[in-house]
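Asks: First the structure, then my questions, so here it is.
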Amino acid sequence: MSTNFSTLGIRPELTQFLKESGITQPTPVQIQTIPVIMAGKDVIAQSQTGTGKTLAFLLPILEKLRGSAPHVQALIVTPTRELTLQIKAEAAKLADVLDINVLAVYGGQDVDEQIRKLRGQPHLVIGTPGRLLDHVRRKTLVLSGVTKLVLDEADQMLHMGFLDEIEEVIQLTSSKRQTMLFSATMPPKVRSLAARYMTKPADIRIESANVTLDEIKQVIIELPEEEKLDKLCSMIDEYQPYLAIVFCHTKERAKAVNTALIQRGYKADELHGDLSQTKRAQVMRRFSEAKLQILVATDIAARGLDIEGVTHIFSYDISHDPESYIHRIGRTGRAGETGTAITFVIPGEHMYLRLIEQGIKSSIEKYKANGQKVIKKAKVIVTAPKKVIEKSATDKTATDKKAVSHGGSNLRSRRKPKAASEKAGTGNKTYGDKRKKSKGKA
Numbered sequence: 049m050s051t052n053f054s055t056l057g058i059r060p061e062l063t064q065f066l067k068e069s070g071i072t073q074p075t076p077v078q079i080q081t082i083p084v085i086m087a088g089k090d091v092i093a094q095s096q097t098g099t100g101k102t103l104a105f106l107l108p109i110l111e112k113l114r115g116s117a118p119h120v121q122a123l124i125v126t127p128t129r130e131l132t133l134q135i136k137a138e139a140a141k142l143a144d145v146l147d148i149n150v151l152a153v154y155g156g157q158d159v160d161e162q163i164r165k166l167r168g169q170p171h172l173v174i175g176t177p178g179r180l181l182d183h184v185r186r187k188t189l190v191l192s193g194v195t196k197l198v199l200d201e202a203d204q205m206l207h208m209g210f211l212d213e214i215e216e217v218i219q220l221t222s223s224k225r226q227t228m229l230f231s232a233t234m235p236p237k238v239r240s241l242a243a244r245y246m247t248k249p250a251d252i253r254i255e256s257a258n259v260t261l262d263e264i265k266q267v268i269i270e271l272p273e274e275e276k277l278d279k280l281c282s283m284i285d286e287y288q289p290y291l292a293i294v295f296c297h298t299k300e301r302a303k304a305v306n307t308a309l310i311q312r313g314y315k316a317d318e319l320h321g322d323l324s325q326t327k328r329a330q331v332m333r334r335f336s337e338a339k340l341q342i343l344v345a346t347d348i349a350a351r352g353l354d355i356e357g358v359t360h361i362f363s364y365d366i367s368h369d370p371e372s373y374i375h376r377i378g379r380t381g382r383a384g385e386t387g388t389a390i391t392f393v394i395p396g397e398h399m400y401l402r403l404i405e406q407g408i409k410s411s412i413e414k415y416k417a418n419g420q421k422v423i424k425k426a427k428v429i430v431t432a433p434k435k436v437i438e439k440s441a442t443d444k445t446a447t448d449k450k451a452v453s454h455g456g457s458n459l460r461s462r463r464k465p466k467a468a469s470e471k472a473g474t475g476n477k478t479y480g481d482k483r484k485k486s487k488g489k490a
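Residue numbers in the sequence shown follow this note's numbering, run continuously in steps of one, and reach 490 at the last position.
Following this line, the structure appears as structure tokens:
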């Protein structure tokens with residue numbers, strides 16, 4: 049008998065809502081996790097964003113909440129405002145079916161407005177560590193009645209330095225709580241946290257890093273720092289991504305790269321911690337609606353983003369550890385579709401590249417900026433065939449670039465490709481392959 053949400057124990061009202069929303073078959077993480085959570089056991093689940101993990105904990109939690117109990121019964125802790133809002137949006141739709149009250153609390157939002165909503169006695173609260181503790185200290189949020197606790201993107205929360213805050217939040221909840229920890233990677237710090245606060249947790253691993261990354265074409269470009277911007281632009285022109293995210297290490301870098309792309313005519317915007325919540329929401333909405341083609345972001349701001357249609361990831365600045373790298377490229381290649389992840393490496397950064405390759409247990413194809421492939425063993429450069437060598441920078445001027453993929457029209461007119469290979473514009477091609485353009489299309 050095939051597994052569906054009904055056989056997993058989800059009530060008819062929710063399964064019907066899921067069906068009407070086009071969700072009929074549970075994903076592997078949902079199949080393995082939902083029965084364990086429904087049984088009341090603690091869970092450690094290693095699963096990438098985009099595999100359906102949010103529903104994996106939301107559905108069984110909502111099943112257990114009592115609408116008649118006027119206090120916070122479940123708490124979901126996340127690292128960022130964006131992830132908090134994404135989970136809240138999904139939870140609110142399901143909660144409406146069951147008459148459950150859901151509230152999101154996070155930094156950057158008016159505190160008084162949050163206090164007013166907290167007085168409405170939500171059953172499920174979703175929030176970031178700092179703002180949750182702020183409300184606890186104001187005595188506007190009581191966590192002693194929380195019996196369902198989820199730590200989502202646990203590795204990133206620890207990476208961002210939230211360990212003390214997370215432990216304080218945990219200790220404020222009921223000693224009889226059920227704890228669920230979800231993480232894309234499981235570094236020792238995450239395991240240690242689980243060991244301290246969880247009771248005989250079920251250990252669920254959906255995919256190893258290798259399996260998760262199989263649908264993502266990974267490429268390294270070795271080049272000097274001063275050539276990064278021109279190379280980024282030429283590759284955007286070459287691959288013509290439907291949606292692309294460009295990752296930078298700092299807010300200042302993200303601002304500078306975004307400004308340069310806009311000056312060259314690309315439909316781009318930035319996402320980082322200096323933006324107001326209103327501006328961040330506006331940028332995310334425009335990107336998700338494909339009114340922007342390129343989002344220039346910092347790692348923290350883009351954490352947990354689940355945007356359909358992201359075909360390309362550009363690491364303008366290389367990740368310094370495998371976990372960050374996996375999270376970056378995990379924004380593409382979702383739900384069985386393919387994606388392309390390109391990382392720029394300047395001289396002196398190969399130690400980070402070695403760490404990444406060790407972490408993902410795989411060697412990544414390497415090229416010079418001119419399209420020449422680097423052969424690892426021989427440590428020499430082999431010139432690629434002419435048909436795959438990239439056009440010279442002299443073929444077009446930097447100031448004459450147009451917004452790609454839409455021939456000067458609004459990006460809304462860009463048709464989202466149905467096939468993954470069409471969407472990525474690369475299929476199984478190597479880095480240097482050119483995307484063939486049919487007549488009449490930009």
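Glycine included, C-beta positions come from ideal geometry on N, C-alpha and C. Since the model is a prediction, treat every value here as computed from it, not as a measurement.
(1) Is the distance from the Cβ of Leu291 to the Cβ of Ile355 below 8 Å?
(2) Please determine if the region 305 to 322 and the region 339 to 349 are in contact, where contact requires at least 3 C-beta pairs separated by less than 8 Å.
(3) Would DSSP call Lys421 helix, strand or coil?
(4) Which residue from Asp182, Thr391, Lys196 puts its Cα closest to that of Asp160?
(5) Assign Asp322 to buried or exposed, taking buried as 16 or more other Cβ atoms, counted over all protein chains shown, within 10 Å of its Cβ.
(6) If Leu189 and Arg225 are in contact, beta carbons under 8 Å, what's the gap, nearest whole angstrom?
(7) Roughly how many whole angstroms lie between the Cα atoms of Leu353 and Gln420?
(8) Could you tell me which uninterrupted beta strand (DSSP E) segments, each at least 3 residues in length, are contained entirely in the region 92 to 142, listed from first to last along the chain?
(9) For the candidate residues Arg244, Phe230, Ile268, whose alpha-carbon lies nearest to that of Arg253?
(10) State the start and end residues of the unbroken alpha helix (DSSP H) segment that holds Ser231.
(11) Leaving out five residues on either side along the sequence, give the residues of the same chain with a beta carbon under 6 Å from the beta carbon of Val173.
(12) Report the start-end ranges of each beta strand (DSSP E) in the region 141 to 228 that is 3 residues or longer and not cut off at the edges.
(13) Does the beta-carbon of Ser367 have 16 or more other beta-carbons within 10 angstroms, so that it is buried, or is it exposed?
(14) Grab the span of the alpha helix (DSSP H) containing Ser240 for me, first residue to last.
(15) Please state whether the Cβ-Cβ distance between Lys241 and Phe362 is less than 8 Å.
(16) Taking all protein chains shown into account, do 16 or more other C-beta atoms lie within 10 angstroms of the C-beta of Lys237, making it buried, or fewer, making it exposed?
(17) Whose C-beta lies closer than 7 Å to the C-beta of Leu166 among residues of the same chain, with five residues either side of it excluded?
(18) Round the Cβ separation of Ile412 and Ile293 to the nearest angstrom and send it over; I've been treating them as touching at under 8 Å.
(19) Would DSSP call Arg333 helix, strand or coil?
(20) I need the straight-line Cα distance from Met399 to Ser69, nearest angstrom please.
(21) Just grab the DSSP bridge partners of Glu270 for me.
(22) Rounded to whole angstroms, what is the Cα-Cα separation between Glu138 and Ser324?
(23) Would you decide whether Lys136 is buried or exposed? Buried here means 16 or more other CB atoms lie within 10 Å of its CB.
(24) Take Ala328 as the anchor and find which of Gly407, Gly178, Phe210, Gln134 has the nearest alpha-carbon.
(25) Using the Cα positions of Tyr154 and Lys416, report the straight-line distance between them to the nearest angstrom.
(26) Three or more C-beta pairs under 8 Å: does that hold for the region 98 to 107 against the region 74 to 81?
(27) At 4 residues or longer, what runs of the alpha helix (DSSP H) sit wholly inside the region 281 to 354?
(28) Please classify Ser116 as buried or exposed, where buried requires at least 16 other C-beta atoms within 10 Å of its C-beta.
(29) Among Leu220, Leu191, Arg376, whose alpha-carbon lies nearest the alpha-carbon of Ala232?
(30) Give the secondary structure of Asn52 by DSSP, where H, G and I count as helix, E and B as strand, and everything else as coil.
(31) Using CA coordinates, which residue listed in Thr388, Ile348, Thr359 is at the minimum distance from Leu131?
(32) Quick one, which of Leu110, Ile264, Glu273, Leu220 has its alpha-carbon nearest Val358's?
(33) State the CB to CB distance for the pair Leu142 and Phe65, rounded to an integer number of angstroms; the pair is presumed to be in contact (CB under 8 Å).
(34) First and last residue of the beta strand (DSSP E) that includes Thr72?
(35) Assign Pro177 to one of two classes, buried (16 or more other C-beta atoms within 10 Å of its C-beta) or exposed (fewer than that).
(36) Any idea if Lys414 is buried or exposed, counting beta-carbon neighbours within 10 angstroms, 16 or more meaning buried?
Replies: Reading from the atomic positions:
(1) Translated into positions along the sequence shown, residue 291 becomes position 243. Translated into positions along the sequence shown, residue 355 becomes position 307. Yes, the pair counts as a contact, with Cβ atoms nearer than the cut-off.
(2) yes
(3) For the purposes of this step, residue 421 is taken as residue 373 along the sequence shown, with counting starting at 1. Lys421 falls in the strand class under three-state DSSP.
(4) Working through the sequence shown from its first residue, we reach residue 160 at position 112. Asp160 has its Cα closest to that of Asp182, out of Asp182, Thr391, Lys196.
(5) Position 274 of the sequence shown, counting from 1, holds the residue named residue 322. With fewer than 16 Cβ atoms within 10 Å of its Cβ, Asp322 is classed as exposed.
(6) Taking the sequence shown and counting its residues from 1, one reaches residue 189 at position 141. Taking the sequence shown and counting its residues from 1, one reaches residue 225 at position 177. About 16 Å; that fails the 8 Å criterion.
(7) For the purposes of this step, residue 353 is taken as residue 305 along the sequence shown, with counting starting at 1. For the purposes of this step, residue 420 is taken as residue 372 along the sequence shown, with counting starting at 1. One C-alpha to the other measures close to 33 Å.
(8) Segments of the beta strand (DSSP E) lying fully in the region 92 to 142: 122 to 125.
(9) Working through the sequence shown from its first residue, we reach residue 253 at position 205. Across the set Arg244, Phe230, Ile268, the C-alpha of Phe230 shows the shortest separation from the C-alpha of Arg253.
(10) One-based indexing of the sequence shown puts residue 231 at position 183. Run containing Ser231: none in the alpha helix (DSSP H); it sits in the beta strand (DSSP E), 226 to 231.
(11) Walking along the sequence shown from the start, residue 173 turns up at place 125. If we look at Val173 and ignore the five residues flanking it on each side, its Cβ neighbours are Val120, Leu123, Leu151.
(12) 150 to 153, 172 to 175, 196 to 199
(13) Locating residue 367 in the sequence shown gives position 319, where the first residue counts as 1. Flag for Ser367 reads buried.
(14) Taking the first residue of the sequence shown as 1, we reach residue 240 at position 192. Its alpha helix (DSSP H) spans residues 236 to 245.
(15) Along the sequence shown, read from residue 1 onward, the residue named residue 241 stands at position 193. Along the sequence shown, read from residue 1 onward, the residue named residue 362 stands at position 314. The amino acid at residue 241 is misidentified as Lys; the sequence shows Leu. No.
(16) The residue labelled residue 237 in the question sits at position 189 within the sequence shown. Classification of Lys237: exposed, given that the 10 Å Cβ count is below 16.
(17) Along the sequence shown, read from residue 1 onward, the residue named residue 166 stands at position 118. Here the set comprises Leu151, His183, Thr188, Leu189.
(18) Here residue 412 corresponds to residue number 364 of the sequence shown, with the count starting at 1. Here residue 293 corresponds to residue number 245 of the sequence shown, with the count starting at 1. Actually they are not in contact, since the Cβ atoms of Ile412 and Ile293 sit about 18 Å apart, beyond 8 Å.
(19) Looking up residue 333 in the sequence shown gives position 285. Reduced to three states, the DSSP call for Arg333 is helix.
(20) Here residue 399 refers to the residue found at position 351 of the sequence shown. Here residue 69 refers to the residue found at position 21 of the sequence shown. Rounded to whole angstroms, Met399 to Ser69 spans 46 Å at the Cα level.
(21) In the sequence shown, counting from the first residue as 1, residue 270 sits at position 222. Looking at the DSSP assignment, Glu270 forms a beta bridge with Val393, Lys416.
(22) Within the sequence shown, residue 138 is the residue found at index 90, counting from 1. Within the sequence shown, residue 324 is the residue found at index 276, counting from 1. The straight-line gap from Cα to Cα measures roughly 23 Å.
(23) Looking up residue 136 in the sequence shown gives position 88. Per the 10 Å Cβ criterion, buried.
(24) In the sequence shown, residue 328 corresponds to position 280, counting from 1. Note on residue identity: the sequence assigns Arg, not Ala, to residue 328. Checked all of Gly407, Gly178, Phe210, Gln134; the closest Cα to Arg328 is Gln134.
(25) Here residue 154 refers to the residue found at position 106 of the sequence shown. Here residue 416 refers to the residue found at position 368 of the sequence shown. Computed Cα separation, rounded: 43 Å.
(26) Yes, since at least three Cβ pairs between the region 98 to 107 and the region 74 to 81 fall closer than 8 Å, the two stretches touch.
(27) The region 281 to 354 contains these whole alpha helix (DSSP H) runs: 299 to 311, 325 to 336.
(28) In the sequence shown, residue 116 corresponds to position 68, counting from 1. Its Cβ having fewer than 16 others within 10 Å, Ser116 is exposed.
(29) As a working note, residue 232 is residue 184 in the sequence shown. Cα-wise, what sits closest to Ala232 is Arg376.
(30) Within the sequence shown, numbered from 1, the residue matching residue 52 stands at position 4. The answer is coil: DSSP assigns Asn52 none of H, G, I, E or B.
(31) Taking the sequence shown and counting its residues from 1, the one referred to as residue 131 is at position 83. Checked all of Thr388, Ile348, Thr359; the closest Cα to Leu131 is Ile348.
(32) As a first step, residue 358 is located in the sequence shown; it is residue number 310 there, counting from the start. Closest in C-alpha terms to Val358, from the list Leu110, Ile264, Glu273, Leu220, comes Ile264.
(33) In the sequence shown, residue 142 corresponds to position 94, counting from 1. In the sequence shown, residue 65 corresponds to position 17, counting from 1. So it is a contact: roughly 7 Å between Cβ atoms.
(34) Your numbering for residue 72 matches position 24 in the sequence shown. That residue, Thr72, is in no beta strand (DSSP E); it is neither H nor E in DSSP.
(35) What you label residue 177 is simply residue 129 of the sequence shown in a count that begins at 1. Under this definition Pro177 is a buried residue.
(36) Working through the sequence shown from its first residue, we reach residue 414 at position 366. The residue in question, Lys414, is buried, as its Cβ has 16 or more Cβ neighbours within 10 Å.
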